[in-house]
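Novice: Handing you a structure now.
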Amino acid sequence: MGLPALAVVLGAFASFSGFLFGYDTGYISGCKEMESFIRTFGTMQPDGSYLLGSGRDSLITSILSVGTCLGALCGSIVGDRIGRRFGIIFYICLFFIGVACQTGCKSLAGFAIGRVFAGLGVGGTSCLVPLYQAECSPKSIRGLVVSAYQFFVTVGLLVAACVVYATKDRADNSAYEIPIGIQFVWGALIIGGMCLLPESPRWLLSRDNHAKAKKSLSRLLGQPEDSQAVTTEFAEIAANLEHERSVGKASWADCFKYGEGKTRLRIFTGMALQALQQLTGVNFIFYYGTSFFANSGISNPFLTTIATNVVNVGMSVVGMLAADRVGRRPLMMYGAAGMAVSQLIVAAVGVAVSQANQAGQKVLVAFCCIYIAHFASTWGTLAWVITSEIYPYELRGKGMSLSTATQWLFNFAIGYATPYLVDEAPGSAGLKTNVFWIWGGCCCIAFVFAYFFIPETKELSLEQCDLLYRNSTILKSAAYRRQILQHDIHDDEIMHYSANKGPRTQHIEEDAKQSSRPETIA
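Right under this line is the structure:
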């Protein structure tokens, strides 16, 4: 099997861990509307009915993100210690503990503990999977392979909505226990796939296990261990690793130093990108969509949730294909603008039209779907691609941990605050559809951020991305990228000339400056 084909298979199996992220996000929205779930974890009211109040709602939804944040922060440490592949398997085992607690416990405390353990598993894999993919995938389809993680997130959301719809009318606790317990199947599929796939040859070499590294490369390349292709690739990885060791081991403190490589800017870009992805309001739709649509007068909120998830899956495919064709900067700016317009229209319709107006409610659902289409094809897909390619290699693991942990931190904050913002209960803001003014404003900020902080890295190798950051600015990145591709600078040449300011990199810088006068690039 050729390298691209095996890389696609590898990307699919590894990216399936994104399915856990999406499924876990998706099922909780529907389960919280089930009578059996409310009766088990809610509180009895004076009239004998049960209510899942804002406090319990917030805890059940957002406590997952406490675990995901911790799992993401520790992801690079675990991956460096026991390997990318076994690190993913380790986190899936923690996820199993969480699923067992959520399925079996009938107390709020036990369910919350299960959510934390499940979060540890989801957060750790969300850090390690992009690392594993980047180290085992060819440059030519890096955007496609890495963005497959987000695609599986959307598939998980859709499957969760369908499973919840199928079990919601069951009278006993199996209505919510089945959607939760079935996650054992998803986790087992991931472990089975990871046991069959090779370990990252770069990690094996970093542990001085040359024999296993060469065997792993042989499987990835589909060539015998003594072939020219395996020998050449092995030598390049070994030389790159030796270069990194000669520079010295990078520490966490190095993430916040500026330096020639503009490390602090790159770390900030990744963290802010993941924060803004959450602040666009997407998880409001998937965490609270069912209850939101019900409170807005939609006759069948469960089916509406499925419809939004179908849009999410379909447009994620568009984003995967566009990532390596259209480019990062234009897609991110277009997506932010489209999301902002859609969110503001939803907010305006919610204010101007009553719940009894069926036409108005259809407009609300339509623009929610248009918003999701813009998110899925741009910010949802490309955030993982961009954060996997903008960090210098010696800090890539730590950078991914920080950016992923930031996403989960904001995921927690939004998940916890939303019921208090939306509900009309005492002590809550009762914003209802007015909350979309907040999400729309954040999308406007996202547009400005994309213009000033997202570089154009389409078709560049990871080493070429590093060269771009060192010698260009964000606003001039497109011009500098064209110069790099025009002069066809390869990875091994970049490693040599970026350190010694060789003639070819100097020539690129001079041409780039001339093509963008009167401003300079460097």
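Numbering-wise, the sequence shown is residues 6 to 527 according to the numbering used here.
Where a beta carbon is used, it is the ideal one built from N, C-alpha and C, also for glycine.
Check the C-beta distance from Ala364 over to Ala153 and give it rounded, since I have them as a contact under 8 Å.
Specialist: About 39 Å; that fails the 8 Å criterion.
Novice: Tell me the DSSP bridge mates of Met49?
Specialist: Tyr55
Novice: Buried or exposed for Glu238, please, with buried defined as at least 16 other CB atoms from any protein chain shown within 10 angstroms of its CB.
Specialist: buried
Novice: Return the residue from the list Leu226, Pro203, Tyr485 and Ala378 that minimises the CA-CA distance to Lys217.
Specialist: Pro203
Novice: Taking just the CA atoms, how far does Ala312 sit from Phe24?
Specialist: 18 Å
Novice: In this structure, does DSSP put Lys367 in helix, strand or coil?
Specialist: helix
Novice: Considering only the alpha carbon of each residue, which of Thr45, Leu78 and Asp29 lies closest to Lys403?
Specialist: Leu78
Novice: Given a cut-off of 8 Å on the beta-carbon distance, is the pair Ser41 and Ala171 in contact?
Specialist: no
Novice: Counting pairs of Cβ atoms below 8 Å between the region 118-135 and the region 60-80, do you hit three or more?
Specialist: yes
Novice: Determine, using beta carbons only, whether Val351 and Leu369 come nearer to each other than 8 Å.
Specialist: In this structure, Leu369 lies closer than 8 Å to Val351 by Cβ.
Novice: Which residues in the same chain have their Cβ closer than 6 Å to the Cβ of Phe46, if we skip the five residues on either side of it in sequence?
Specialist: Leu113
Novice: Looking at Met338: is its Cβ nearer than 8 Å to the Cβ of Tyr485?
Specialist: no
Novice: For a test of the three-state rule: what should DSSP assign to Leu15, helix, strand or coil?
Specialist: Three-state DSSP puts Leu15 in a helix.
Novice: Applying the 10 Å Cβ sphere with the 16-neighbour rule, what's the burial state of Thr48?
Specialist: exposed
Novice: Would DSSP call Ser283 helix, strand or coil?
Specialist: The residue you asked about is not Ser; residue 283 is Gln in the sequence shown. Note: Gln283 maps to helix in three-state DSSP.
Novice: Tell me whether Val190 is buried or exposed, calling it buried when 16 or more other Cβ atoms sit within 10 Å of its Cβ.
Specialist: exposed
Novice: When burial is assigned at 16 or more other CB atoms within 10 Å of the CB, is Lys173 buried or exposed?
Specialist: buried
Novice: Check each candidate in Val427, Gly198, Cys470 and Phe156 and name the one with the smallest Cα separation from Thr268.
Specialist: Cys470
Novice: Using a Cβ-Cβ cut-off of 8 Å (strictly less than) and excluding sequence neighbours within five positions of Cys447, which residues of its own chain qualify?
Specialist: Answer for Cys447: Leu281, Leu284, Thr285 and Gly286, listed in chain order.
Novice: By the DSSP assignment, the alpha helix (DSSP H) with Asp177 in it spans what residues?
Specialist: It is not in any alpha helix (DSSP H) - Asp177 carries neither H nor E in the DSSP assignment.
Novice: Going by the CB atoms, is the gap between Ser59 and Asn416 shorter than 8 Å?
Specialist: no
Novice: Please determine, among Ile479, Leu473 and Leu480, the residue with the shortest C-alpha to C-alpha distance to Gln488.
Specialist: Per the Cα distances, Leu473.
Novice: Within 10 angstroms of the Cβ of Asp497, are there 16 or more other Cβ atoms? Answer buried if so, exposed if not.
Specialist: Unreliable placement is indicated for Asp497, whose pLDDT of 49 sits below 50; the coordinate value is still reported in the next sentence. Exposed is the call here.
Novice: Mapping DSSP to helix, strand and coil, what is Ser503?
Specialist: Residue placement at Ser503 is flagged as unreliable, the pLDDT there being 43, under the threshold of 50; the coordinate-derived value follows with that caveat. Correct three-state label for Ser503: helix.
Novice: Runs of 3 residues minimum, wholly inside the region 333-382: which ones carry the beta strand (DSSP E) assignment?
Specialist: none
Novice: Mapping the DSSP letters down to three states, classify Tyr396 as helix, strand or coil.
Specialist: coil
Novice: If we count Cβ pairs, one from each stretch, closer than 8 Å, do we get three or more for the region 194-201 versus the region 84-101?
Specialist: Short answer: they touch.
Novice: So, at 6 Å on beta carbons, what are the nonlocal neighbours of Leu133 in its own chain, with the 5 sequence-adjacent residues on each side left out?
Specialist: Correct list, in chain order: Gly80, Gly84, Arg89, Gly92 and Ile93.
Novice: Could you tell me which of Asn476, Ser347 and Val390 sits nearest to Ala139, measuring between CA atoms?
Specialist: Val390
Novice: Just how far apart, CA to CA, sit Val533 and Lys111?
Specialist: In the structure as shown, the chain begins at 6 and stops at 527. Residue 533 is therefore absent and cannot be evaluated.
Novice: Could you tell me if Gln50 is buried or exposed, where buried requires 16 or more neighbouring beta carbons within 10 angstroms of its beta carbon?
Specialist: exposed
Novice: Just confirm the distance between the C-beta atoms of Gly148 and Ala361, as a whole number of angstroms; I'd bet it's less than 8 Å.
Specialist: Not a contact, Cβ separation roughly 46 Å.
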